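Participant: Residue numbering for the sequence shown follows this note's numbering, starting at 1460 and increasing by one per position.
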Amino acid sequence: MTAPSQSLDAPEHVDYTAISDTLYRYAAGLDLGDADLLTSALTEDATVDLGPAMRRIGYDFPPLTPRESVVTTLVGAVGPLDTSHSISNIRTTVDGDTAQAWAYAQAQHYLPGLGSQPDQTRHALMMNRYHAQLVRDGNRWRIRSLTIANAWFDGDPGVLLGAP
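Right, here's the structure in full:
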């Protein structure tokens, strides 16, 4: 998928910043295992499709929907891991109260409690491409649909499942 180029005026910059914050809330919710923060980034009918990323490394993972299922599944699976999701290269298009965003998400994963050990080499490092469809909810944007595709992977896929 190719995101359009953009030049922002002041109102568009406000939307861009708010949309970026939505992606940051999503990532921080994962890293902190914070269900409330993750919930704040998603609509009630949200769908998160990790299938394209997970199939690339050998796992079949169905789309998650609605928000309650997304949050429960992701906080349960990713929350216990030592993770760091960094969002970058955000591009947006806004059409009234709907928007699309494209971004890169580099995500480092270690087994619980091992991420800060300097001798720990077992990890799962992913560079993913996010494509989000968002809707305006008052002064905030929320993700209605997020598709995550993998650009590259390094490490042990078993770490993503908490496999010892």
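For each residue, glycine too, the CB sits at the ideal point set by N, CA and C.
Quantities reported herein were computed from a predicted structural model and do not represent experimental measurements.
Compare the C-alpha of residue 1576 against each of 1541, 1561, 1600, 1489 and name the closest.
Facilitator: Out of 1541, 1561, 1600, 1489, 1541 has the C-alpha closest to the C-alpha of residue 1576.
Participant: If I measure Cβ to Cβ from residue 1586 and keep anything under 6 Å in the same chain, skipping five residues before and after, which residues do I get?
Facilitator: Cβ within range, chain order: 1565, 1610, 1611.
Participant: Please classify residue 1475 as buried or exposed, where buried requires at least 16 other C-beta atoms within 10 Å of its C-beta.
Facilitator: By the neighbour-count rule (16 or more Cβ atoms within 10 Å), residue 1475 is buried.
Participant: Among the residues of its own chain, which have a CB less than 6 Å from the CB of residue 1510, if the five just before and after it don't count?
Facilitator: 1520, listed in sequence order.
Participant: Where does residue 1472 fall in DSSP's three states?
Facilitator: Correct three-state label for residue 1472: helix.
Participant: Using a Cβ-Cβ cut-off of 6 Å (strictly less than) and excluding sequence neighbours within five positions of residue 1604, which residues of its own chain qualify?
Facilitator: 1506, 1592, listed in sequence order.
Participant: For residue 1519, name the three-state secondary structure that DSSP assigns.
Facilitator: Coil at residue 1519, not helix or strand.
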